[in-house]
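Just below is one structure, and these are the notes that go with it.
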Ligand SMILES: C[S@@+](CC[C@H](N)C(=O)[O-])C[C@H]1O[C@@H](n2cnc3c(N)ncnc32)[C@H](O)[C@@H]1O
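Residue numbers (the working numbering): 2 to 247.
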């Protein structure tokens, strides 16, 4: 593979990363190092040009550097873990409501067979679609612009659910009904008091409840002075996992 016009390129220099589409007007200027279209086209991933390492981006980089965000998103550190905790695989159907900018859906859709997704606000419904189309993602997602509370679904349809709305409590019984027996539940909430309310409401409906948070502390990559970076994203949300009980 070599980079061609229209490709996405990740340019890495030191701790900085830039995600760009390689158009004829492409240029990147950093401290007098000017990269232009001609410097990149035809190069192979891993080549270093004027101090920039040229790479194909991963999904994490696409989400963090490429997605337009108008809502809080689920950070990849959380969504990658959630995807595996939900037990997603090609034979599984995931329900997700509260799609927002479409970041978490983009992760889940990579592992799940299909995702049925619901977003109530038209602005965010359009934004999620735009983000996915720009990066060729989420071809197995059925996204609807509707309030999940009025969606009619068969009982026992889903292998897993991810809920990312301000208050998941009013939806718990409906979620329980549309899940298969023993199916996986996950949600993310920003405060501990919301988590307390949720786990109280889950009693009798769900078992194997777990609450955790993921602390992601990147290091300065200097082998002689290896230590954490000065700044980090200290809090994103608390993750709640459970399984449907009968
Ligand atoms: C924090 S955002 C979701 C972010 C998303 N998970 C991501 O990673 O980009 C929450 C979203 O839930 C949507 N929402 C809230 N109540 C909803 C409902 N009843 N049905 C569908 N979507 C809802 C909001 O409009 C908002 O876009």
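From the three backbone atoms N, C-alpha and C, an ideal C-beta is built for every residue, glycine too.
Alpha carbon of residue i to alpha carbon of residue j, nearest angstrom
i, j, result
"residue 220", "residue 9", "26 Å"
"residue 230", "residue 218", "8 Å"
"residue 226", "residue 15", "15 Å"
"residue 25", "residue 36", "12 Å"
"residue 210", "residue 139", "29 Å"
"residue 166", "residue 60", "23 Å"
"residue 74", "residue 66", "12 Å"
"residue 78", "residue 215", "7 Å"
"residue 203", "residue 89", "22 Å"
"residue 175", "residue 155", "10 Å"
"residue 118", "residue 3", "35 Å"
"residue 70", "residue 76", "12 Å"
"residue 193", "residue 236", "12 Å"
"residue 1", "residue 173", "Within the shown structure, residues of the chain are numbered from 2 to 247, placing residue 1 beyond reach of any answer."
"residue 114", "residue 222", "37 Å"
"residue 153", "residue 47", "49 Å"
"residue 224", "residue 232", "19 Å"
"residue 49", "residue 191", "41 Å"
"residue 170", "residue 177", "11 Å"
"residue 116", "residue 86", "16 Å"
"residue 212", "residue 6", "46 Å"
"residue 150", "residue 157", "17 Å"
"residue 197", "residue 182", "24 Å"
"residue 57", "residue 82", "22 Å"
"residue 110", "residue 28", "32 Å"
Member of the options whose CA lies at the smallest distance from the CA of residue i
i, options, result
"residue 187", "158, 64, 84", "84"
"residue 205", "148, 17, 245", "245"
"residue 121", "102, 198, 154", "102"
"residue 40", "70, 135, 55", "55"
"residue 42", "31, 23, 33, 225", "23"
"residue 32", "25, 113, 17", "17"
"residue 99", "168, 88, 178", "168"
"residue 141", "125, 224, 96", "96"
"residue 134", "46, 191, 107", "107"
"residue 238", "154, 195, 13, 224", "195"
"residue 13", "157, 21, 53", "53"
"residue 126", "116, 63, 146", "146"
"residue 247", "184, 228, 21", "184"
"residue 143", "129, 150, 151", "129"
Cβ distance (whole Å) where residue i is taken to contact residue j below 8 Å
i, j, result
"residue 189", "residue 240", "6 Å"
"residue 94", "residue 160", "6 Å"
Endpoints, alpha helix (DSSP H) assigned at residue i
i, result
"residue 132", "123-135"
"residue 112", "104-112"
"residue 82", "77-86"
"residue 1", "In the structure displayed, the chain extends from 2 to 247; residue 1 sits before or after that span and is not available."
Terminal residues of the beta strand (DSSP E) in which residue i lies
i, result
"residue 201", "Unbroken run through residue 201 is the alpha helix (DSSP H), 193-203; no beta strand (DSSP E)."
"residue 144", "142-146"
"residue 39", "Segment 38-41 is the alpha helix (DSSP H) holding residue 39; no beta strand (DSSP E) there."
"residue 164", "159-164"
"residue 97", "94-98"
Residue-level contact to chain C via CB, residue i, 8 Å cutoff
i, result
"residue 79", "In the structure shown, chain C does not exist; there is a single protein chain."
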